[in-house]
Amino acid sequence: MSEFYIGVMSGTSMDGIDLVLCEIDAYSCKLLHSHEYPFPKELKDEILTAIAGVVTLQKVGTLDTKLGHLFARAINRFILEKRINAEKITAIGLHGQTLWHEPNAMFPFSMQLGCPNVVYSKTNMSVVADFRSMDIANGGQGAPFAPAFHAFAFGSLSKNTAVLNIGGMANITLLGDTLKGWDTGPGNVLMDMWIRKCKDENYDKDGSFAKSGRANEELLEKLLADNYFKKIPPKSTGREYFNESWLGLHLPIFHTIKEEDMQATLLELTARTIAHDALSAKSELLIVCGGGAKNGFLMQRLYELCGINVVSSDTYGINADALEAMAFAWLAYKRIHREKVNLQSVTGSHKNSLLGGIYG
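Here the sequence shown is numbered in my numbering, starting from 104 and rising by one per residue.
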């Protein structure tokens with residue numbers, strides 16, 4: 104018997120809050136409604152300041168509650184605008200806003216803000232949240248989780264298919280007898296950061312600014328030499344690593360680079376790191392989802408570098424913008440039904456995990 108779940112996703116790019124309503128059973132996850140609500144600039148700036156390390160414990164607590172209220176308002180608005188019967192919703196799958204992801208420390212953790220108790224209180228619907236902690240407790244990276252849903256959604260396709268999610272970070276899933284997946288590195292995060300600095304725009308629409316420039320091969324070579332790209336999976340990363348400070352380590356040497364050339368270089372960094380991993384897996388088809396799927400120039404470069412068919416997940420009837428929020432609606436379904444998720448070959452966890460806690 105199918106059930107109804109709401110999925111809520113706010114990624115590392117913080118370009119919006121994605122909400123979906125899904126009808127889910129053991130065999131399918133059907134998208135019924137989706138919408139993206141804007142992420143307040145003031146709150147985004149507060150989070151970026153916190154990630155940069157300029158933060159107190161009081162501020163972290165305040166941000167957690169603020170985000171809880173923000174997510175709750177978005178959910179209630181979504182229900183009202185889409186005329187959803189809230190009484191039929193089994194639960195909300197709430198990812199939260201990642202503040203810090205530290206899976207390789209002596210005492211590893213992944214911190215997502217957006218208090219689920221506030222969300223439950225303001226929506227009166229059960230909330231499943233804190234998905235990553237159990238995987239980390241079981242020895243895993245706590246990310247990426249998208250591969251589990253990719254296997255569920257695209258499992259009937261060829262074993263030589265790769266599914267790519269390009270959000271703030273990019274992660275790739277290799278479908279096959281053994282599910283594999285990892286973060287390839289930065290997705291949109293550095294490109295968004297740079298165009299915000301140069302043009303005060305949230306993102307490079309269709310990659311047009313990058314396309315107007317030319318990648319600087321000398322700088323690109325230095326960026327690609329980073330140890331993260333040499334690491335063998337399982338591996339995951341986030342904005343706490345690939346950020347303005349990371350880029351700033353190299354910029355003093357290249358202060359004469361034109362703004363559009365830097366944009367082109369950062370797009371090329373994303374494209375080449377993805378292409379390297381897709382080609383090493385001998386993929387024959389690359390299905391792309393996430394915000395990066397709308398970047399026409401990035402999609403063009405992926406096609407040119409990979410030499411294989413590169414398509415949006417829209418081609419297979421799954422909204423590229425909604426797929427990650429759908430994944431957390433599906434993970435909420437798994438948690439409500441006490442079904443453990445097998446991510447051992449993806450995150451490196453020692454055993455299958457019951458992901459998330461239930462609030463309300």
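Even for Gly, the Cβ is constructed at its ideal location relative to N, Cα and C.
Residue i (DSSP reduced to helix, strand or coil)
i	result
residue 301	helix
residue 218	coil
residue 259	coil
residue 171	helix
residue 133	strand
residue 124	strand
residue 157	coil
residue 283	strand
residue 246	coil
residue 267	strand
Cβ-heavy atom distance, residue i to the ligand FMN, below 6 Å
i	result
residue 463	The ligand FMN is absent from the structure shown, which contains no ligand whatsoever.
Residue i to residue j span [Cα, whole Å]
i	j	result
residue 108	residue 124	6 Å
residue 377	residue 456	28 Å
residue 402	residue 161	42 Å
residue 447	residue 202	24 Å
residue 318	residue 295	16 Å
residue 297	residue 440	43 Å
residue 356	residue 350	11 Å
residue 137	residue 366	31 Å
residue 443	residue 234	12 Å
residue 420	residue 149	36 Å
residue 256	residue 250	10 Å
residue 177	residue 459	21 Å
residue 212	residue 386	32 Å
Contacts around residue i, its chain only, beta-carbon distance under 6 Å, and the 5 residues preceding and following it disregarded
i	result
residue 163	none
residue 336	285
residue 391	267 and 415
residue 218	167, 168 and 171
Spatial neighbours of residue i in its chain, beta-carbon cut-off 7 Å, leaving aside the 5 residues before and after
i	result
residue 112	121, 198, 427, 428 and 431
residue 381	265, 275, 389 and 409
residue 292	115, 116, 271, 272, 342 and 345
Paired residues, beta bridge with residue i - DSSP
i	result
residue 205	212
residue 289	272
residue 112	121
residue 195	109 and 230
residue 466	Limits of the chain in this structure are 104 at one end and 463 at the other, which puts residue 466 out of reach.
residue 456	444
Sequence ranges, alpha helix (DSSP H) only - wholly within the region 299-363, length at least 4 = 311-314, 320-327 and 347-351
Entirely within the region 367-454 and at least 4 residues each: give me those alpha helix (DSSP H) ranges in chain order.
-> 399-409, 426-439 and 447-450
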